[in-house]
Structure formats: C-alpha cells, structure tokens
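K.L.:
Shown below is the structure under consideration.
Residue numbers (the numbering used here): 63 to 553.
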C-alpha cells in the first residue's frame, strides 16, 4: 500500500485544552462541570450527540482599481447542541455562551419525539493525532498598516510588469478558529485552526481584447510565508502569465478526444466527480454512483485515491473533525478497487462501519455531515513528458474553473481556465472556452497513464455541500484519459 501513514502522537499532545478551557469557560463564566452535566442529561438514552463550542476571529482585506476597497474584522462565538437517535437529529444553537442559553437549547433538543434507537452508539475515540497548529494565530502577527502596504506594493509590481495590465485585484484573508467538543460521559476534544489565503487577479487588454488570470495560495499556517516577497511575486507573475496566455487563445474545438489533465489543482475534478460520491451519507442512502460497490473494480488499475486530513499546514487538514474524531488517511480506492467511504459518526453507526474523521460543519449553527478534507490521487510511475509525447491529437488541461456534478449519476461538466491543443505529441495553441464533460466513475476506468508528478493544490479550495462551505484540499498527478467529451466554442 503506497499511501503514507497518518501523523500520530500521544493523546496528551492533541491540543492545548488548557487554552480552550480558558477561552470557553474561564472567560465566559461557564462552569465546566455544570455544562458537562447538562450535556449528560440531554443525551441520556440517545444514540449520539455533542455540545460544539466555537470561537472565530476573521479578517479580510481587498485591493481593487488602485485602492483599498474593503477591510473587515469580526469576532464570532457560539455553540450547537445536537441529539441523535437512529436517523433523527435534533439541533439547537445560539451565539451566547452562557448556562441559560445551553439549558434552553437542551430543552429544545429533548422536546423532539425521536422514536426508537436503531443502532448502537459509536464509542468516542480518544485522540491520537498531533496538534497540527497549537495556538498559532496569524491575525496577531503583522500590523494592519503592513498588510495594506503589501496590497499596494503588489498592485504596483504587477502594473509595472507589462503595459497591457489594466486591472489588478488583491485579496488577503485570515482566520483563527478554536473549537471544543463535549460528549456525554465526559469525553472532551478540541482543536485550534488558523487559515490564511492570498489571491491575485489580473486583467490585461490588447487590441481591444481583454483577458484575465489569477493565482491563489494559502493554508493553515501564518501569514509569514504569503507576505514574503518571493511568494507574492511568484503569485503575481503566474497570474499575469495566465492572463497574457489567454490573450493568445483560440476557440476550443469540440468532440471526443484524448485529454491530458495536469497535476495539482485539476484534482478539483476528482474532488467533485468522484470524491462526493464516496461520502458516507450518499452511499448509505444509495444515491451515489458508488453505492454497494465496496470491493469491486471501480477505476483503472493503478488508480489509488485517499482522503488525508493529517497533512500539516494543508487547507483541508484538521487535528480532529467537528465531532471530535481524529482525522486520518483514509484509503478510498486502491489500485482501482473501492476500499471505503468517508464517514461521520451518524452514517458510520447506521452502516455498521467506523468514523473516519470526516464529520465536518461550517460552524456552530450547522450540523456535521461527512465531508472531504484533502482528497487526492497518488502518483504513478509515468513521465508526464512521455505521456504528452504519446498523444496524437487532444487537449492538455492545465487549470480548471467552476464545475457541476450529479452525485447520483456521476455526470459532470467542468470548465478549463487554461488549456492547450496537442498535435503529434506537442503543445500547440492555448484554447478558450473548453469544457470537460463526462461521468466520474466511467472516466476513472478510462485512465491510461498516471504521472509521477503528484502535486497538491496551492491552498484555495472551498467545498460546498448541503448549504455549508468548508475549506478543502485537492491534488493529483498528471492523468492521461483515453477519451472525454470536450465542449468547445469553435464554429
């Protein structure tokens, strides 16, 4: 098995619970023992549930059209109390962290007529993962004035690179999230989650034609990396390169053809077309194209897909998920064989499986559901240049924009924001308006070569599901797909 092991340490180092206890109890005046008693009484006789406490600081700055357009900073806190029996879920939440509010929430949760339990409750796992981020808070690192000066500097740098630059947009954002989870019986888990991101977009104009390019990067780390000159200049140069390349693009052809998909961010296609279909809830309800296929060949030989929430600094990584389960490296597909699903506690219990650390929620006002963390395909052994040289005619898709997928059928449509024609093994003109159309499970079976150049994305992914958004990571090596339908604009 080629996947790396999860990062583990002793439970004592999971997260600095003293810091979290101070934040959620000492500063708010909540009595921890009395709060735990409320949780115990509320969840008595139920299959599952928890009290989820959250505190978030977040800031966002944007520079556009040569001036600061937005600067915001907000602090938010709250709790959510959930009770689960069978498939039934009762949930109450509030922004006030005090005993009276939690008692009112408890009354709401217990007022639901749950019916009868249908499965044995999942035991609360004790944490074995390392605390990935300790008490790092990127918002406290640089003064506000320094961040504004950086945005202005980036704008001037890009405009000075090429006279065709007409517009520069720069966005810098950061957040610091602390969570603590209390479960019946006294099990407590917590996590601290920093997150930063820098995005640069460029508009260029030549002979009346305008095109755009963009580059974003980020992760669960400090601002330091992204405020360094080497980093932001690399991002600015790449955004400008994409925009200038698009100026030379021609209308994309349409039809069925070979497609070489580049490494890194193009893994978003894997995330959407395959990843969501491997989440536990869709498979328990049999609404996924992968339902009932465990142990069967669902992809070409050599295709191995994992969801790994333990990678340090990655956008989708967590020490624990939002139910208190340690994240792990979950093998979903191995050498083409379907091996498992991503599970939260509820769906794992009802399916007779174990949680995999994929119970995630947008915040305290939302219930958890099975979600991806960092989902990617492992590297193969092929040289990407040899893969390219082996193509007769086709499309080389380097970067992707938006897309849509139907979980039940697996059908997807994705737009390629940067793509090139390939003729006789050589990259030719860039094309504009190319879309990739296909069926996720079918495309997995059409993979003919897997590159040795696995890359993870640069840290910009946000995953939407059920009205909730969470940070996520994607990745893959170069993939040669035997045939895909390409929708184009060429007439």
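All C-beta atoms in this analysis are idealised placements derived from N, C-alpha and C, irrespective of residue type, glycine included.
Please classify residue 155: does DSSP put it in a helix, a strand, or coil?
P.N.:
Three-state DSSP puts residue 155 in a strand.
K.L.:
Exposed or buried, what is residue 432 when buried is set at 16 or more other beta-carbons lying within 10 Å of its beta-carbon?
P.N.:
With 16 or more Cβ atoms within 10 Å of its Cβ, residue 432 is classed as buried.
K.L.:
Just how far apart, CA to CA, sit residue 330 and residue 463?
P.N.:
Each residue's alpha carbon lies about 9 Å from the other.
K.L.:
Under three-state DSSP, which class holds residue 306?
P.N.:
Three-state result, residue 306: helix.
K.L.:
Return the bridge partner residues of residue 409 from the DSSP annotation.
P.N.:
In DSSP, residue 409 forms no bridge with anything.
K.L.:
Would DSSP call residue 181 helix, strand or coil?
P.N.:
Note that residue 181 scores 48 on pLDDT, short of 50, meaning its location in the model is unreliable and no value can be drawn from it.
K.L.:
Could you please give me the residues that DSSP links to residue 112 through a beta bridge?
P.N.:
144, per the DSSP bridge assignment.
K.L.:
If you draw a straight line from the C-alpha of residue 118 to the C-alpha of residue 256, how long is it?
P.N.:
If I take the Cα positions, the gap works out to 10 Å.
K.L.:
Comparing alpha-carbon positions, which option in 474, 129 and 148 lies nearest residue 410?
P.N.:
For residue 410, the nearest C-alpha among the options comes from 148.
K.L.:
Got a sec, what are the start and stop residues for the alpha helix (DSSP H) residue 236 sits in?
P.N.:
Careful: residue 236 lies outside any alpha helix (DSSP H), inside the beta strand (DSSP E) at 227-244.
K.L.:
Using a Cβ-Cβ cutoff of less than 7 Å, which residues in the same chain neighbour residue 136 once the five nearest sequence positions on both sides are dropped?
P.N.:
These residues qualify, in order along the chain: 120.
K.L.:
With distance defined between alpha-carbon atoms, name the residue in 275, 299, 317 and 434 nearest to residue 337.
P.N.:
The option with the nearest alpha carbon to residue 337 is 434.
K.L.:
DSSP three-state label for residue 365, please.
P.N.:
In the structure shown, residue 365 sits in coil (DSSP, three-state: anything other than H, G, I, E or B).
K.L.:
Is the CB-CB distance between residue 351 and residue 446 below 8 Å?
P.N.:
Contact flag unset, no.
K.L.:
Could you pull out every residue in the same chain whose Cβ sits closer than 7 Å to the Cβ of residue 156, ignoring the five residues on either side in sequence?
P.N.:
Within the same chain, residue 156 has close Cβ partners 140, 141, 163 and 167.
K.L.:
Just curious, the beta strand (DSSP E) that residue 267 is in, first and last residue?
P.N.:
Here the beta strand (DSSP E) through residue 267 covers 250-268.
K.L.:
Look at the alpha carbon of residue 347 and the alpha carbon of residue 219, and state the distance between them as a whole number of angstroms.
P.N.:
Approximately 52 Å between the Cα atoms of the pair.
K.L.:
Between the Cα of residue 366 and the Cα atoms of 412, 418, 443 and 82, which residue gives the shortest distance?
P.N.:
Answer by Cα proximity: 443.
K.L.:
Counting only the same chain and skipping the five closest in sequence on each side, list residues whose C-beta sits under 6 Å from that of residue 242.
P.N.:
Taken in chain order, the residues that qualify are 82, 86, 115 and 252.
K.L.:
Would you give the residue range spanned by the beta strand (DSSP E) that residue 352 belongs to?
P.N.:
Segment: none, residue 352 is in no beta strand (DSSP E) and carries neither H nor E.
K.L.:
Three Cβ pairs or more, each shorter than 8 Å: is that satisfied between the segment 460-477 and the segment 321-328?
P.N.:
With a cut-off of 8 Å, the segment 321-328 and the segment 460-477 count as touching, because enough Cβ pairs lie within range.
K.L.:
At the 8 Å Cβ level, is residue 398 part of the contact set with chain D, yes or no?
P.N.:
Looking for chain D here will not work: only one protein chain is present.
K.L.:
So, at 6 Å on beta carbons, what are the nonlocal neighbours of residue 238 in its own chain, with the 5 sequence-adjacent residues on each side left out?
P.N.:
Counting only Cβ-Cβ distances below 6 Å, and skipping sequence neighbours, we find 119, 199, 201 and 256.
K.L.:
Using the beta-carbon count (16 or more within 10 Å), is residue 634 buried or exposed?
P.N.:
Past the edges of the chain, shown from 63 to 553, lies residue 634, and the structure says nothing about it.
K.L.:
At what residue ranges does the segment 460-531 contain a whole run of the beta strand (DSSP E), taking only runs of 3 or more?
P.N.:
DSSP runs (the beta strand (DSSP E)) wholly in the segment 460-531: 473-485, 488-494, 497-501, 509-512 and 524-527.
K.L.:
What's the C-alpha gap between residue 538 and residue 441?
P.N.:
Looking at the two C-alpha atoms, the distance is approximately 7 Å.
K.L.:
Helix, strand or coil: how does DSSP classify residue 220 here?
P.N.:
Note: residue 220 maps to helix in three-state DSSP.
K.L.:
Tell me the DSSP secondary structure of residue 215 in three-state form.
P.N.:
DSSP places residue 215 in helix when its eight states are reduced to three.
K.L.:
Measuring alpha carbon to alpha carbon, tell me which of 104, 482, 100 and 132 ends up nearest residue 312.
P.N.:
With distances taken between Cα atoms, residue 312 lies closest to 482.
K.L.:
Check each candidate in 430, 286 and 146 and name the one with the smallest Cα separation from residue 530.
P.N.:
For the residues 430, 286 and 146, the minimum Cα distance to residue 530 belongs to 430.
K.L.:
Would you give the residue range spanned by the beta strand (DSSP E) that residue 538 belongs to?
P.N.:
Segment 535-538, the beta strand (DSSP E) holding residue 538.
K.L.:
In angstroms, rounded to a whole number, what distance separates the CA positions of residue 452 and residue 398?
P.N.:
When rounded, the distance between both Cα atoms is 23 Å.
K.L.:
Are three or more beta carbon pairs between the segment 504-512 and the segment 533-549 nearer than 8 Å?
P.N.:
In short, these stretches touch, since the Cβ pair count reaches three.
K.L.:
Output yes or no for whether 8 Å exceeds the beta carbon distance between residue 7 and residue 521.
P.N.:
Since the displayed the chain opens at 63 and closes at 553, residue 7 lies outside it and no answer follows.
K.L.:
Am I right that residue 408 and residue 146 are in contact with their C-beta atoms under 8 Å? What's the rounded C-beta distance?
P.N.:
Yes, they are in contact, since the Cβ atoms of residue 408 and residue 146 sit about 6 Å apart, within 8 Å.
K.L.:
Decide if the segment 416-431 is in contact with the segment 376-385; the criterion is three or more beta carbon pairs, one per stretch, under 8 Å apart.
P.N.:
Flag = yes, the segment 416-431 and the segment 376-385 touch.
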